[in-house]
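Chains as they are written, first to last, in full-length UniProt numbering: chain Y, 1 to 445; chain F, 1 to 456. Think of the CB as a built atom: it goes at the ideal place given N, C-alpha and C, for glycine as much as any other residue. Just so it is clear, the structure is predicted and the values come from calculations on it, not from any experiment. Input: a single structure, listed below in structure tokens.
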């Protein structure tokens, strides 16, 4: 994942630019110049960016000037709900028009004919290798169940699932219920790996060590790629390698990783993965999700090796040849329209550019917080290569007190009780100015 | 299902009106008068009805006048893909506007806030299937919902291991059942009882279904049928089959893909265990739209999680503590416990638009017109196209809107001619077409046009 251009800490890049421009990093002018020189600056306009007048919780705050409704809000919640690409409306209009004019003929006529609308999206999912390993289907948790049903095959001594102790609830419940389905006891079969005392993030060496020492008991290693709570980006390549060497299957929940960090699922030999599309992929709440199954699991005999829950849509492609065999149902054409619009933006921007800006933005956020809001601490990893866009901040006071103040002043971020907020500058539509404004508001509160 | 107003054959009602108006039932004038007097006539305008100029396969046909692009097509394929309610655009605009303005705050603010958008649909959806809202879910897709239900309800044990279904069940249902059986380490060939019609018949006789259940009931863990059969259009006697199954100790589930929005349903009163349906057929919600499911109230409440081991996810957690992220599952007390994932707000928008039309029309009115329309179609075919035969049940109470027609020649020849002349219907090779009157959108005059297109 590291490449020579980013092995230097991004803060050094910021400081270098600041020196070139002869302005302090902490100054307003620095933010302004960063935005002027941002190669992705033009992408903000491709999205609907909520204004102060739009946001439902904005109000005049004592001691602050009146709210200017036409001013941009401070939207740093793209890790939770990505903003709407403007192009979505056009894509929806196209599908609505086809539905209106063609009726049933829309399955096979027009732009993205419905019987194939999911396949039209396979080429452009970020981080994928050939279309044969990828599906656009269902939702994240449903896809996890489809994968777990096939890939979690407890046998003999090898019956356990290794996951984070604070895995996203849906993942935890999915795994629990899968274990129970097989007549086993979740309490016995789930290895929920905790961070060390006093730490928030899992150390890679501890994960690897657990896999190596207990690998023979472990049927499946199942982690999130980027952790929802801490923002930690796990070393997918290393964990996968060690897990596979220990004879375990490896699956990844990439909800917070896709569109956030570059991924190489095929090269990393990941067995399966799934993700939703309404976070960094900006496809809208509850939109159609994605899944990956490595090519080595496809092809002849796969149906016997990986007994799946089946449905008719697997036969749209030749059975056993691609990951499409994991599909069960015909896709939603309006959801496909949203994904099409979003992927078109990603194609233009490219994950390399997105990641480059993300490293700078998040390092900038961290630096400002350190100097302007010393009372809050960052529980996300310090190593920029071990995190994505998000920083999780441990506040000095309960989040119920701070969040309303922030929201009144146009901030959109995310709370995790009792006193953590998550802030994620999204490179496609956030600016250094957004980050600076956020820190100022937080410092005031 | 029968009520006194419809126990008379609808053809008699047509003939009575024809006599009143002093026109032959088979005349163009009769169709025109029926449409003028149709209480649902105004509903056509609530939909986008494809024109000749819109339909991609329309072309000038030898011996026919030039195509008038502004003329309505002959859309009789609502059983496969329902037409678009005009209101969908407004509902979508509302959701797009909220997404644009609110971002993440759309989960809890505005119209149909996204965290609850599925719940906003439950009252009206449950009315369509005769369920309590607490027994209904709007979620996922049909086959996914079948898997969620089958995982919980198909519990082979001891001698009771089999699943009874139609021999010609819809493929997705067949594959779903097969794969569920295989998941449990059993052999589908041994455990699936695929009930065939009698030799020379197309439809299953109710007495044969009931007799099979009664004689083999102790082997059967689950009876799983479609409510309306996709191929023949047969409407099964859901009440009787459910009753006999339950009396034999079997669980009973229904695929209602072709039944919801087509025929009145009373899932709660009929004691159905579970059911699932898609929404893009008679419910007009758009290809691949969010689906529905029903779980009877007796399966909910205390201990349900132990009795019905489900595939779980966070959206089945009760709302009060769902976002506390404790990883301690506290199931919702309603059918909502079967949910695994947050719903799609744009799909909910489409369903909202469609349900609003159904609320106005009412299933009673829809069914009343459907009986007349389909009987009319049957009557016209009998007299005008004697070479084709109807393989759907003759009893109007044993079918929905759809008639399946066995043609005298291969379907490819006929279908391209029909499509060139603006007809939208559906083929099932080698020589069956399915024609479905959409009560809301299809006037009787259209039937005349269809008939003129079919080869004699």
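Worksheet entry | Three-state secondary structure assigned by DSSP to residue 281 (chain F) | Along the second chain, one-based indexing puts residue 281 (chain F) at 281. Residue 281 (chain F): coil per DSSP, three-state reduction.
Worksheet item: Just checking my contact of residue 252 (chain F) with residue 228 (chain F) at CB under 8 angstroms: how many whole Å lie between their CB atoms?
Response: Here the question's residue 252 (chain F) lines up with position 252 in the second chain. Here the question's residue 228 (chain F) lines up with position 228 in the second chain. The Cβ separation is near 16 angstroms, so there is no contact.
Worksheet item: Which runs of the alpha helix (DSSP H) spanning at least 4 residues fall entirely within the region 209-249 of chain Y, listed in chain order?
Response: Listed in chain order, the complete alpha helix (DSSP H) runs (minimum 4 residues) inside the region 209-249 of chain Y are 236-245.
Worksheet entry | Under 7 angstroms from the C-beta of residue 54 (chain Y): neighbouring residues of chain F | Indexing the first chain from 1 puts residue 54 (chain Y) at position 54. Those within 7 angstroms of residue 54 (chain Y) in chain F are 101 and 102.
Practice prompt. Could you spell out the range, first to last residue, of the beta strand (DSSP E) harbouring residue 162 (chain F)?
Written response: Taking the first residue of the second chain as position 1, residue 162 (chain F) is located at position 162. DSSP places residue 162 (chain F) in the uninterrupted beta strand (DSSP E) bounded by 162-166.
Fill in: Rounded straight-line distance, which links the Cα of residue 155 (chain F) to that of residue 67 (chain F)
On the second chain, position 67 is the one that residue 67 (chain F) refers to. On the second chain, position 155 is the one that residue 155 (chain F) refers to. A direct Cα-Cα distance of roughly 58 angstroms separates residue 67 (chain F) from residue 155 (chain F).
Discussion item. If the criterion is Cβ atoms closer than 8 angstroms, does the pair residue 372 (chain Y) and residue 420 (chain Y) meet it?
Written reply: As a working mapping, residue 372 (chain Y) is identified with position 372 in the first chain. As a working mapping, residue 420 (chain Y) is identified with position 420 in the first chain. With contacts defined by Cβ atoms closer than 8 angstroms, residue 372 (chain Y) and residue 420 (chain Y) do not form a contacting pair.
Worksheet item: By how many angstroms is the C-alpha of residue 283 (chain F) removed from the C-alpha of residue 257 (chain F)?
Response: One-based indexing of the second chain puts residue 257 (chain F) at position 257. One-based indexing of the second chain puts residue 283 (chain F) at position 283. Taking the straight line from one Cα to the other gives about 9 angstroms.
Worksheet item: In terms of residue numbering, what span does the beta strand (DSSP E) encompassing residue 220 (chain F) cover?
Response: The count along the second chain starts at 1 and reaches residue 220 (chain F) at position 220. Under the DSSP assignment, residue 220 (chain F) falls in the beta strand (DSSP E) whose first and last residues are 220-226.
Practice prompt. Look at the alpha carbon of residue 405 (chain Y) and the alpha carbon of residue 376 (chain Y), and state the distance between them as a whole number of angstroms.
Written response: The residue given as residue 405 (chain Y) occupies position 405 in the first chain. The residue given as residue 376 (chain Y) occupies position 376 in the first chain. Distance between the alpha carbons of residue 405 (chain Y) and residue 376 (chain Y) is about 16 angstroms.
Worksheet item: How far does the alpha helix (DSSP H) with residue 101 (chain Y) in it reach, from first residue to last?
Response: What you label residue 101 (chain Y) is simply residue 101 of the first chain in a count that begins at 1. Judged by DSSP secondary structure, residue 101 (chain Y) falls within the alpha helix (DSSP H) whose first and last residues are 87-102.
Worksheet item: According to the neighbour-count rule (16 or more other Cβ atoms, all chains shown, within 10 Å of its Cβ), is residue 46 (chain F) buried or exposed?
Response: For the purposes of this step, residue 46 (chain F) is identified with residue 46 of the second chain, where counting begins at 1. In the assembly as shown, residue 46 (chain F) is a buried residue. Its beta-carbon has 16 or more other beta-carbons within 10 Å.
Discussion item. Is it buried or exposed, residue 103 (chain F), if we count other Cβ atoms within 10 angstroms and call 16 or more buried?
Written reply: Position 103 of the second chain, counted from the start, is the residue given in the question as residue 103 (chain F). Counting of Cβ neighbours within 10 angstroms places residue 103 (chain F) among the buried residues, the total reaching 16 or more.
Discussion item. Can you tell me where the alpha helix (DSSP H) holding residue 394 (chain Y) begins and where it ends?
Written reply: The count along the first chain starts at 1 and reaches residue 394 (chain Y) at position 394. That residue, residue 394 (chain Y), is in no alpha helix (DSSP H); its beta strand (DSSP E) goes 391-394.
Fill in: Start-to-end residues for the beta strand (DSSP E) that takes in residue 272 (chain Y)
Walking along the first chain from the start, residue 272 (chain Y) turns up at place 272. Counting along the chain, the beta strand (DSSP E) containing residue 272 (chain Y) begins and ends at 272-275.
Worksheet entry | Coarse secondary structure for residue 192 (chain F), derived from DSSP in three states | Counted from its first residue, the second chain places residue 192 (chain F) at position 192. Judged by DSSP in its simplified three-state form, residue 192 (chain F) adopts strand.
Worksheet entry | Close beta carbons around residue 143 (chain Y), own chain, < 7 angstroms, minus the five adjacent residues each side | Residue mapping note: residue 143 (chain Y) aligns to position 143 of the first chain, counting from 1. Counting only Cβ-Cβ distances below 7 angstroms, and skipping sequence neighbours, we find 137, 274, 289 and 291.
Worksheet item: Just reading off the alpha helix (DSSP H) that residue 64 (chain Y) is part of, what are its end residues?
Response: Taking the first chain and counting its residues from 1, the one referred to as residue 64 (chain Y) is at position 64. Note, residue 64 (chain Y): premise wrong, no alpha helix (DSSP H); not H, not E.
Item to complete: May I ask you to list, following chain order, the residues of the region 166-188 of chain Y that have a beta carbon less than 8 angstroms from some beta carbon of chain F?
Response: Per Cβ criterion, the list reads 166, 167, 168, 169, 170, 172, 173, 174, 176, 177, 178, 180 and 181.
Practice prompt. Consult DSSP for residue 279 (chain Y) and reduce its assignment to one of helix, strand or coil.
Written response: Position 279 of the first chain, counted from the start, is the residue given in the question as residue 279 (chain Y). It is coil, neither helix nor strand.
Practice prompt. Following the continuous alpha helix (DSSP H) through residue 31 (chain F), name the residue where it begins and the one where it ends.
Written response: In the second chain, the residue the question calls residue 31 (chain F) occupies position 31. Note, residue 31 (chain F): alpha helix (DSSP H), 28-36.
Worksheet item: Buried or exposed: residue 360 (chain F), going by 16 or more other Cβ atoms within 10 Å of its Cβ?
Response: Residue numbering aside, residue 360 (chain F) sits at position 360 when the second chain is read from its first letter. Exposed: under 16 other Cβ atoms inside 10 Å.
Worksheet entry | Every unbroken alpha helix (DSSP H) within the region 296-364 of chain Y, with a cutoff of 4 residues, ordered by chain | Counting only runs of 4 or more, we get 302-305 and 333-349.
Discussion item. Quick check: what's the CA-CA separation for residue 456 (chain F) versus residue 147 (chain Y)?
Written reply: Here residue 456 (chain F) corresponds to residue number 456 of the second chain, with the count starting at 1. Here residue 147 (chain Y) corresponds to residue number 147 of the first chain, with the count starting at 1. With a pLDDT of 43 at residue 456 (chain F), under the threshold of 50, the modelled position of that residue is not reliable, and the figure given next carries that caveat. Near 52 angstroms, if we compare the C-alpha coordinates of residue 147 (chain Y) and residue 456 (chain F).
Worksheet item: Can you tell me where the beta strand (DSSP E) with residue 415 (chain Y) in it begins and where it stops?
Response: Here residue 415 (chain Y) refers to the residue found at position 415 of the first chain. Looking at the DSSP string, the run of the beta strand (DSSP E) that includes residue 415 (chain Y) is 414-416.
Practice prompt. Would you check if the distance between the CB atom of residue 91 (chain F) and the CB atom of residue 349 (chain F) is smaller than 8 angstroms?
Written response: Walking along the second chain from the start, residue 91 (chain F) turns up at place 91. Walking along the second chain from the start, residue 349 (chain F) turns up at place 349. Yes, they are a contact pair.
Practice prompt. Would you identify the three-state DSSP class for residue 112 (chain F), choosing helix, strand or coil?
Written response: Taking the second chain and counting its residues from 1, the one referred to as residue 112 (chain F) is at position 112. Looking at residue 112 (chain F) - three-state DSSP - the assignment turns out to be coil, as it is neither helix nor strand.
Worksheet entry | Listed by chain order, chain F residues near residue 151 (chain Y) by CB distance under 8 angstroms | Translated into positions along the first chain, residue 151 (chain Y) becomes position 151. Near residue 151 (chain Y) there are no residues of chain F at all, since even the closest Cβ is about 13 angstroms away, more than 8 angstroms.
Worksheet item: Considering only the beta carbon of each residue, do residue 425 (chain Y) and residue 435 (chain Y) sit closer than 8 angstroms?
Response: Reading the first chain from its first residue, position 425 is the one you call residue 425 (chain Y). Reading the first chain from its first residue, position 435 is the one you call residue 435 (chain Y). Note that the C-beta distance between residue 425 (chain Y) and residue 435 (chain Y) is below 8 angstroms.
Item to complete: Provide the residue span of the alpha helix (DSSP H) that contains residue 432 (chain Y), from first to last.
Response: Position 432 of the first chain, counted from the start, is the residue given in the question as residue 432 (chain Y). Counted as a single uninterrupted DSSP element, the alpha helix (DSSP H) harbouring residue 432 (chain Y) occupies residues 432-444.
Practice prompt. State the CB to CB distance for the pair residue 280 (chain Y) and residue 259 (chain Y), rounded to an integer number of angstroms; the pair is presumed to be in contact (CB under 8 angstroms).
Written response: Counting from one through the first chain, the residue named residue 280 (chain Y) turns up at place 280. Counting from one through the first chain, the residue named residue 259 (chain Y) turns up at place 259. Between residue 280 (chain Y) and residue 259 (chain Y) the beta-carbon gap is near 3 angstroms, inside 8 angstroms, which marks them as a contact.
Worksheet entry | DSSP bridge partner residues for residue 317 (chain F) (one or two, in chain order) | If you number the second chain from 1, residue 317 (chain F) lands on position 317. DSSP lists F:331 as partners of residue 317 (chain F).
Practice prompt. Quickly, what does DSSP pair residue 74 (chain Y) with across the bridge? List them, please.
Written response: Taking the first chain and counting its residues from 1, one reaches residue 74 (chain Y) at position 74. As DSSP reads the structure, residue 74 (chain Y) sits in a beta bridge with Y:411.
Practice prompt. Report the residue from Y:68, Y:46, Y:384 and Y:117 whose alpha carbon sits nearest the alpha carbon of residue 89 (chain Y).
Written response: Position 89 of the first chain, counted from the first residue, corresponds to residue 89 (chain Y). Among Y:68, Y:46, Y:384 and Y:117, the Cα nearest to that of residue 89 (chain Y) belongs to Y:46.
Practice prompt. Tell me, please, whether the CB atom of residue 143 (chain F) is closer than 8 angstroms to any CB atom in chain Y?
Written response: Counting from one through the second chain, the residue named residue 143 (chain F) turns up at place 143. Residue contact check for residue 143 (chain F) against chain Y: a CB pair falls below 8 angstroms.
Fill in: Helix, strand or coil at residue 400 (chain Y) according to DSSP, with G and I counted as helix
Here residue 400 (chain Y) refers to the residue found at position 400 of the first chain. Judged by DSSP in its simplified three-state form, residue 400 (chain Y) adopts helix.
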